[in-house]
Every structure is written in C-alpha cells, then in structure tokens.
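Asks: My questions all concern the structure below.
Residue numbers (our numbering): 1236 to 1613.
Have a look at this one:
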C-alpha cells in the first residue's frame, strides 16, 4: 500500500516550520494514541504514521532528501515503525510533550537564588521626618559555615545519583508513552551526599538571627519600602541570597497628623485670646514657634506656617511641606460665681452684631418656620 505524503499526514504545508509541525503532531498523537483508542487498529496505524512523518520532517537532512526524492530516500532509515536507529519514541515524546509533562529539570539543577524577606518596621513620626539609623534583628536561612553551603561533611564526597545516573530525571514508560520525571532519590539534583554535614543535616543552610543597620532617609512615610540587597535568605546549593524589604509604618503621633509633606495640628485657645487676640507658643518638629492670634478669631480658623512641614526631597523629589494649625476655642469650665456674674453682665451688654453668625443662623430658623406656617395656611 502506497504511503501518504508526510506533509499530508501531519496536515501542514511544505514550508511549515518545526514549531508548526510540532503543534500538528501533538494534536494527532493525542487523538490517535492507542491508550485512548484501545483495540482500534486504524487509530494505531494513524498514530504510527504520524510518528514516522514527524521523525522524518523534523530532521533537516531527512527532510531535504524526502523533499527531493520522496519516500524512497528515507524508507531505509524510517523503517516500518517510523523511527530511525538513532531515534526513539521517547526522544520524540520529550521534544513534543516535554513542556507539558516536564517539571523543568532536564539535568542537575543549578544554584538557585534565595527567597526575599520582609520586615515591618515601626517608626516615630520624628524619625520618619528627620531620618534614622535603627538596628533590626531578623531570622533568616544563611549558608552553613561548617560545609560552606554544600550540605556535605568536610572531606566527604558528593557523588552521582545511582538511580538516575546523575541526570536528575528518571523515565517512566506507560505503553507507547515515555514520561520523564524528577528522580525521587536525588530530587532532580543528579547528585547525592554520601555523608551529610552534621550542622545543617545536609541542607547547606541553617537558620540564624542577624542584626542589620537600616538607613532611613528623611521624609519616609507609611507604606514606603526600603530594599537591602543580598540580605534575604541564602540560596540553595550556594546560590546568591535574596533581598530584604523593610516596610515602613509610622506610629500615630500625639500632636501632629501627616498628609504627604504637610503636617496638621489643633491648637486650643481660650475665649479671651480668641476675642482679644494674642500670641501663642506652638510646637513644631524643629522646636517651639510663636503664633500670632488676631482679635476676633473664630474657632476652626486654620493658620498656615510655610516650610515647617516634612522635607521629602530625598524620597519624593519635591521640597518641604507646611504646618497647618487649626485653632479651637475652648469653653471655660469650673467658673467661680464672680466669673459667671461677669459673663452674664457681658451678655447683657452684647449686641446682635457682635455675634454675626449666630444672628444669621437664628434669622434663617425664623424664616424656615415662617415658610412652614404660610404653606399650612394655604
């Protein structure tokens, strides 16, 4: 029986790339594999036919000969099984299905980078604004000093795994399929330790507490993160260490609140100072400052003091913020009889225009009720 054209078998054009042929072969192999079609001789024949076509067309020399002379040029090498003497279905399977079934280990794994770590650091507002250099203590996996990270006792050998022959993989066969899996003995390393290090028990790493000094630049805020390169966990098999990320959290302050580069605070003032005016001493992060309160200041009035906020030039690129002081008029408490009498006398002497907001509010209330009464009488 005449053989079908190999390109027709795979369903690809004659100028198809190797990737296109791989995709076509994968589809056919999954469709016609005998394990999926038990007892179906036709499916088994189509499966072998696809194997033969793929084996020839993915070999550049065989493909060139086939394109020039047809089946007669490759029948001697392809044979009835569809595989040449230098090829096997296992190698074709690995080429086509390796990206699905392989776990990424094709040989002994290389040294790997260690894990990154995170440390949550709480700071007072003063330290966050001005900068600091605190010391932190963290637990981390470090290279074992006894074995220099190898995991083997000094003087002992690290030998090839006898189960996989040093490849890190073993082959499991299921019918026509040949699946490569990570070697269970060496776990993909290809090597085994004859005598484990007694300190790290063959792991190559031990847990240590290490103390680090962290340079906090001025102007940091909650949510900012500082990276300390190479201060994370040591990598397996002597690999490079990961990084340590210090996450900043600024504690709540008793006086100031912060929004970006600006600071805010509330300043209680007496009824007398609000009425007659005066000068108050207020705190800033740089020391004390005198704030002039004009006469007739109302509660809630906010004073802006330029340049007394947070310098964020090192962490944000902008300049220095401002300090906003909101005055709150405090009602006097625990008055003596004389003080109460003086306030009553003051109230009698007061005129409506001395409390303009209050007068406007009561006028609005009267108009509100007048409108309700007029609507009800209609």
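For glycine and all other residues, C-beta sits at the position ideal for the given N, C-alpha and C.
Alpha carbon to alpha carbon, how far is residue 1456 from residue 1468?
Replies: 26 Å
Asks: Here's the rule I'm using: 16 or more other beta-carbon atoms within 10 Å means buried, otherwise exposed. How should residue 1450 be labelled?
Replies: exposed
Asks: Determine the closest residue to residue 1502 out of 1510, 1518, 1487, 1494, with distance taken between C-alpha atoms.
Replies: Its Cα nearest to that of residue 1502, the residue 1518 stands out among 1510, 1518, 1487, 1494.
Asks: The beta strand (DSSP E) spanning residue 1482 covers which residue range?
Replies: For residue 1482, the enclosing beta strand (DSSP E) stretches over residues 1479 to 1485.
Asks: For a test of the three-state rule: what should DSSP assign to residue 1334, helix, strand or coil?
Replies: A caution first: residue 1334 carries a pLDDT of 46, below 50, which makes its placement in the model unreliable, though a value can still be read off. Three-state result, residue 1334: helix.
Asks: Sort 1442, 1283, 1369 by Cα distance to residue 1380 and report the nearest one.
Replies: 1442
Asks: What are the start and end residues of the alpha helix (DSSP H) that includes residue 1298?
Replies: 1295 to 1304
Asks: By Cβ distance below 7 Å, which residues in the same chain neighbour residue 1353 in space, the five residues on each side in sequence not counted?
Replies: 1480, 1482
Asks: Quick check on residue 1455: does DSSP put it in helix, strand or coil?
Replies: Here residue 1455 sits in coil by DSSP.
Asks: Quick check: what's the CA-CA separation for residue 1431 versus residue 1383?
Replies: 12 Å
Asks: Could you tell me which whole beta strand (DSSP E) segments of length 3 or greater appear in the region 1375 to 1450?
Replies: 1393 to 1395, 1404 to 1409, 1412 to 1417, 1426 to 1428, 1440 to 1448
Asks: How many angstroms separate the CA atom of residue 1277 from the CA atom of residue 1260?
Replies: 17 Å
Asks: Is there contact here, the region 1517 to 1531 with the region 1395 to 1410, by at least three beta-carbon pairs under 8 Å?
Replies: no
Asks: Three or more C-beta pairs under 8 Å: does that hold for the region 1245 to 1256 against the region 1288 to 1299?
Replies: yes
Asks: Out of 1273, 1497, 1414, 1596, which has the shortest C-alpha to C-alpha gap to residue 1560?
Replies: Closest by alpha carbon: 1497.
Asks: Of all the options 1237, 1369, 1473, which has the alpha carbon lying nearest to the alpha carbon of residue 1387?
Replies: 1473
Asks: What are the start and end residues of the beta strand (DSSP E) that includes residue 1355?
Replies: 1352 to 1358
Asks: May I ask you to report which of helix, strand or coil DSSP gives residue 1472?
Replies: helix
Asks: Are the Cβ atoms of residue 1616 and residue 1300 separated by less than 9 Å?
Replies: Coverage of the chain is limited to positions 1236 through 1613, which leaves residue 1616 absent and any answer about it impossible.
Asks: Please confirm whether residue 1447 and residue 1373 have their CB atoms less than 9 Å apart.
Replies: yes
Asks: For residue 1245, report the span of its alpha helix (DSSP H) as first-last.
Replies: Here the alpha helix (DSSP H) through residue 1245 covers 1241 to 1245.
Asks: Please return the same chain residues whose Cβ sits closer than 6 Å to the Cβ of residue 1407, not counting the five positions on each side in sequence.
Replies: 1414, 1416
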